[in-house]
Structures are given as structure tokens and as C-alpha cells.
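For the protein sequence lines, the chains are A and B, in the order given. Just so you know, the first sequence maps onto residues 1443 to 1729 in the numbering used here. Just so you know, the second sequence maps onto residues 459 to 616 in the numbering used here. Please read the structure below before turning to the comments.
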Amino acid sequence: MKYMSAQSAKAASEALVKEPGNARVLAGGTDLLVQMNSGNLKVDLVVDIKKIPGIRDIAAKAGGWRIGAAVAGAELGEHAGVCAMWPGVVEAAGLIGSTQVQGRCTMVGNLCNGSPAGDSVPALVAADAVVRIEGPDGSRDCPVLDIPAGPGKTTLAKGEIITSVLLPARPAGSADAYLRFIPRTEMDIAVASAAVSLTVDSDGTVTAARVALGAVAPKVVLVEDAAKAIIGSKLDDAALAALSKACESACNPIDDKRGTVAFRTSTAGVLARRAALIAYERAGEAK
Amino acid sequence: MRSLHVSAMVNGDPVEFICDPGEPLLDVLRNRLGLTGAKEGCGTGDCGACSVTVNGRLVCSCLVLGAEVDGAEISTIEGMADNEELHPLQRAFIDGAAFQCGVCTPGILVAAKALLEKNPEPTDEEVRFWLAGNLCRCTGYDKIIAAVQVAAAEMRGA
Chain A
1443 MKYMSAQSAK
1453 AASEALVKEP
1463 GNARVLAGGT
1473 DLLVQMNSGN
1483 LKVDLVVDIK
1493 KIPGIRDIAA
1503 KAGGWRIGAA
1513 VAGAELGEHA
1523 GVCAMWPGVV
1533 EAAGLIGSTQ
1543 VQGRCTMVGN
1553 LCNGSPAGDS
1563 VPALVAADAV
1573 VRIEGPDGSR
1583 DCPVLDIPAG
1593 PGKTTLAKGE
1603 IITSVLLPAR
1613 PAGSADAYLR
1623 FIPRTEMDIA
1633 VASAAVSLTV
1643 DSDGTVTAAR
1653 VALGAVAPKV
1663 VLVEDAAKAI
1673 IGSKLDDAAL
1683 AALSKACESA
1693 CNPIDDKRGT
1703 VAFRTSTAGV
1713 LARRAALIAY
1723 ERAGEAK
Chain B
459 MRSLHVSAMV
469 NGDPVEFICD
479 PGEPLLDVLR
489 NRLGLTGAKE
499 GCGTGDCGAC
509 SVTVNGRLVC
519 SCLVLGAEVD
529 GAEISTIEGM
539 ADNEELHPLQ
549 RAFIDGAAFQ
559 CGVCTPGILV
569 AAKALLEKNP
579 EPTDEEVRFW
589 LAGNLCRCTG
599 YDKIIAAVQV
609 AAAEMRGA
């Protein structure tokens, strides 16, 4: 195995393209090193991206925040600006692993690991976050929703790396929230999860919403019908019931010892409803 | 496989070592630097027995490559006492019998120290939450939480 600390995104991309064997990007390593240490993954080249200038920075960008690909969960949680604008994204990223894992784990790593249960992914999708990708053909932007391709797989081409994720600007009266169900109280993998981002106007009517579900399909699901169910409402019981129903209809989960199809489906609807109410309350405070 | 030359600071002292590209920091500390306080419980970041800080951040050293820490500042359990003078956390763990077999203890002490630097007056719930990534199979945790609170009170001058 070879280790390379890339000094630029271009150098990282070139090294990944040139490697004929199995090449992996290293940021926090909290998934990659687990796979390597357990002997499940043979890697020929590790490209450490943490020395790339700017990749550990959180920068204000056009009213939103650009989060570098190597920003750790703990660093994100300590950033007052991001916490104020995107509390749901921060709480989702904060659920990845233990305190020790938070010292290293990244949202972009959570996304590129390709797990359908990654906690930050539904929150990023609800936030309509966009990743910046550097590759052999230059740079491009891509919505987070279009990165996962299925369990353990992404749509990134050989030599492409994500260097940052943009959490966009949003109007006053906006907020988001993320909830997951796990069988334990801490440190577990989501059995079902839901993220809701919404905007309310001055009289408390929802004017915009995005609802995303995790761990209930081969990849994160954006549920447009669930958003439609609450837009124009003040989250009355009928709107919330329609939201839950739309979420249940969007589920296509696996059946395993951690949760049956019926349990995951029903739980996703309940979590979406509760997340919507939390986001709504936060949005009221953000007016 | 090509070995790498790495320079870092460990517990305030400059160190240099040669390591394999895929070698975890934990193995470097234990096998190359003779710092055997950090333990390998799982090797997959679940148990916290290998906890150290890298540039002030609490991490599992089994999930860091030795190659990554070039230029970094690392603190381990060996740097916790001030020569013969034990850290208040170490004394509180002894006085409160907050360990039995001791395998998890170095990691828990390093993690608890990081907590008290960030939050000098945590609630019991905050201590339990912060230490959720440090597994202990002997004590049932109650004495650990109590010892952390005793040390926290002493460090606040209470």
C-alpha cells in the first residue's frame, strides 16, 4: 500500500487516475480505516486530502456556508454560524459515531461511504446542498441527492473527489431538523431517519419545504409529495397526516433483525412528522 | 510497501519514527515509541481504549494512520501526570475505585480530560454522553462517572 498526502485537489485527482489498483480518498478515515483494519478492504493507494489548502475551512458563501470536505463533525458543531442557519444538518452530522469519531468524521465522507443509513445525508438533501467536485475534467457542482448510487456506491467517476459542500443561503423564518430511530440510546446506525427543511411566512404558513428519508431505500429518498403535503399549511393534523402517508409511500426498505419493512416504513412517517414540527418551531424562532 | 519517515510532537517531546503506510497511529505509539498506555480493544473505533488527542482533538488512534500525524501534536495517557504528580482525574479514579481490569482506563482518562477542558462543570448526563464511545465491561460506569465529577469539582477549586 502507498500513502500520499496531496497538496492540491488536482494532484489528488491525478494520483487517483494514475493508480491501476484500488485507490481511496482519506479525510477522517472513520469508515475507511475500519474497513482496512478489519481486513475487508485491500487498498493500494490512500490519498490523504487534509493538506489541500482550504479543505478544512468553513467559509461564508453568498449568504450560505461552504464546508470543506475535511471539516470534522466536532468542528462543524462548534461553528455558531452554521449551527444558527442549518441546525438540522449540524444535529445530523453530530450523530455520526462517538466523541472520538466526531473528532475525525466528515459529512462528505459520510456521503461518499455510500451507506443508505448515513446520518448527515438526508439532512444535506433536505437542505438542497450542493457538492463541489474536482476531477480530471476540471470542477463541477452536483446536488447531494445525485451522489449516492446504492449501498457503498456513488456516481463519482474515477479521479473525482468532492472538495466541499455548499449549504445555501435561506430566507428568514427557515430552519431544518433531523431525527433517526436506533435500538440503543447512542452510537448506532439508523434503522429509519427523516430530515425536514422548511420556510414559514409571517403568519406561520409553510411556504417552502424539502423532506428526505434515510435507511428506508437503497439510497436517500427525497419525498416531494411529503413537501407538497405541508406547503401552504400551518402543520395542522391533516397536513401532518398527509406528510406521514407520503413518506410511508416512498419507503422501500430492507427487512432485517434491526427492523422489519413494516416497522421501518411506519417509523419513517412518524420521524418525518416529528422532524417537521421541530423545524417549524425553530423556523418560528428564526423569523 | 515503502516506509515513511514521520516527525511529530508526543506529550510535548519531538519524536521521529518510520512506519508502514497503512500502520495505525496506535501501533506506532505502542510498538515503535514504547507508549503502551493506549490499548487496542477493537481496532475499529468502537471501544475508545486507544483514545489520544491529535492537535487537541479526541480521536481513536486505531482510526488514524501514523503517516497522517506528520507535524501534529499528540497527547497520550503517558503525558497526563506531571512527573510523579498524578492528574486529579487519575487520583479520583484510584480513590473512587473507578476501574477493575484497567484496559479501558487510559482511554477514559484521556477522554475525560478532553471533556473537562471543554466543559469544566458537566452534568452526569453530559459525562455519560461524552464517554459513550469508551466501553467498560467491568464497572457498570457509575464509579467512572462519579470519579470524573470528583475530579471536575477539584479542578474547579470547589
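Using N, Cα and C, we set each Cβ at its ideal position, and we do this for glycine too.
Beta carbon proximity, S465 of chain B to chain A, threshold 8 angstroms: Interface with chain A (8 angstroms Cβ-Cβ cutoff): S465 of chain B is excluded.
Cβ-based neighbour list, V1543 of chain A, same chain, cut-off 7 angstroms, excluding 5 preceding and 5 following: So the list reads T1472, once near-sequence residues are dropped.
Through-space distance from S1581 of chain A to A610 of chain B, alpha-carbon basis: Cα-Cα distance, rounded: 50 angstroms.
Contact between the segment 1642-1650 of chain A and the segment 1557-1566 of chain A (3+ Cβ pairs under 8 angstroms): No, the segment 1642-1650 of chain A is not in contact with the segment 1557-1566 of chain A.
Interfacial residues, the segment 513-531 of chain B to chain A, with Cβ spacing under 8 angstroms: Listed by position along the chain: R515, L516, V517, C518, C520, L521, V522, L523, A525, E526 and D528.
Short CB-CB distance (under 8 angstroms) between S461 of chain B and chain A: False, the Cβ-Cβ gap to chain A never drops below 8 angstroms.
Extent of the continuous beta strand (DSSP E) to which G1510 of chain A belongs: G1510 of chain A -> beta strand (DSSP E) spans G1506 to G1510.
DSSP three-state assignment for V512 of chain B, whether helix, strand or coil: In this structure, V512 of chain B counts as strand in the three-state DSSP scheme.
Given 8 angstroms, three or more beta-carbon pairs between the segment 1645-1654 of chain A and the segment 460-474 of chain B: Note that the segment 1645-1654 of chain A does not touch the segment 460-474 of chain B; fewer than 3 beta-carbon pairs, one per stretch, sit closer than 8 angstroms.
Chain A within 8 angstroms of A569 of chain B, Cβ atoms only: Yes, A569 of chain B lies at the interface with chain A (some Cβ there is under 8 angstroms from its Cβ).
Any chain A beta carbon closer than 8 angstroms to S509 of chain B: At a cut-off of 8 angstroms between beta carbons, S509 of chain B contacts chain A.
Span of the alpha helix (DSSP H), counted from its first residue to its last, around R614 of chain B: Careful: R614 of chain B lies outside any alpha helix (DSSP H) and carries neither H nor E.
Per-residue burial, E1690 of chain A [other beta carbons within 10 Å of its own, 16 or more giving buried]: In the assembly as shown, E1690 of chain A is a buried residue. Its beta-carbon has 16 or more other beta-carbons within 10 Å.
Min CB distance F557 of chain B to chain A below 8 angstroms: So, not an interface residue.
Cross-strand partners of H1745 of chain A (DSSP beta bridge): Nothing about residue 1745 of chain A can be reported from this structure: the residues present for chain A run from 1443 to 1729 only.
As assigned by DSSP and simplified to three states, the class of L1537 of chain A: DSSP places L1537 of chain A in the coil class of the three-state scheme, outside both helix and strand.
Every unbroken alpha helix (DSSP H) inside the segment 1642-1703 of chain A [4 residues or more]: DSSP runs (the alpha helix (DSSP H)) wholly in the segment 1642-1703 of chain A: 1666-1672 and 1679-1692.
Where P479 of chain B meets chain A, residues with beta-carbon distance less than 8 angstroms: In chain order: M1443, K1444, Y1445 and V1488.
Contact under 8 angstroms by Cβ, V585 of chain B with V606 of chain B: In this structure, V585 of chain B sits near V606 of chain B, with a CB-CB distance shorter than 8 angstroms.
Beta-ladder partner(s) of V468 of chain B, from DSSP: Under the DSSP definition of a beta bridge, V468 of chain B partners with B:D471 and B:I532.
Beta bridge counterpart(s) of Y1620 of chain A as assigned by DSSP: BP columns for Y1620 of chain A point to A:A1637.
Between the CA atoms of D600 of chain B and D553 of chain B - distance to the nearest angstrom: Pairing D553 of chain B with D600 of chain B, the inter-Cα distance amounts to about 14 angstroms.
Neighbourhood of L547 of chain B by C-beta distance below 8 angstroms, restricted to the same chain and skipping five residues each side: M538, L567, A570, K571, L574, A605, V606 and A609.
Cβ neighbour criterion (16 or more within 10 Å) applied to G1674 of chain A: Of the residues assessed, G1674 of chain A falls on the exposed side of the cut-off, its CB having fewer than 16 other CB atoms within 10 angstroms.
Separation of V1638 of chain A from S1686 of chain A, as counted between CA atoms: Those two C-alpha atoms are separated by around 12 angstroms.
Best match in A:A1680, A:R1724, A:G1551 and A:A1522 for proximity to S1433 of chain A [C-alpha to C-alpha]: Since the first residue shown for chain A is 1443 and the last is 1729, residue 1433 of chain A is missing from the structure and cannot be characterised.
Simplified DSSP state of C559 of chain B, which is helix, strand or coil: Coil.
Proximal residues of chain B, C-beta to C-beta of V1476 of chain A below 8 angstroms: Those within 8 angstroms of V1476 of chain A in chain B are T502, G503 and L521.
Residue-chain proximity (P482 of chain B, chain A), Cβ-Cβ < 8 angstroms: Judged by the 8 angstroms Cβ criterion, P482 of chain B is in contact with chain A.
Limits of the unbroken alpha helix (DSSP H) element including K1460 of chain A: Looking at the DSSP string, the run of the alpha helix (DSSP H) that includes K1460 of chain A is A1451 to K1460.
Per-residue DSSP class, three states only, for M1446 of chain A: Secondary structure at M1446 of chain A: strand, using DSSP grouped into helix, strand and coil.
Contact with chain A by F587 of chain B, beta-carbon distance below 8 angstroms: Yes, F587 of chain B counts as interfacial toward chain A.
Cβ separation of C562 of chain B and C594 of chain B, assumed to be a contact under 8 angstroms, to the nearest whole Å: C594 of chain B and C562 of chain B do touch by the CB rule: their CB atoms are close to 4 angstroms apart, below 8 angstroms.
Delimiting residues of the beta strand (DSSP E) encompassing S1581 of chain A: Start and end: G1580 to P1585.
Enclosing alpha helix (DSSP H) for E553 of chain B [first to last residue]: Here residue 553 of chain B is Asp; the residue named in the question, Glu, does not match the sequence. That run of the alpha helix (DSSP H) goes P546 to D553.
Nearest-angstrom Cα separation, counted from G1646 of chain A out to V522 of chain B: So the two alpha carbons sit approximately 47 angstroms from each other.
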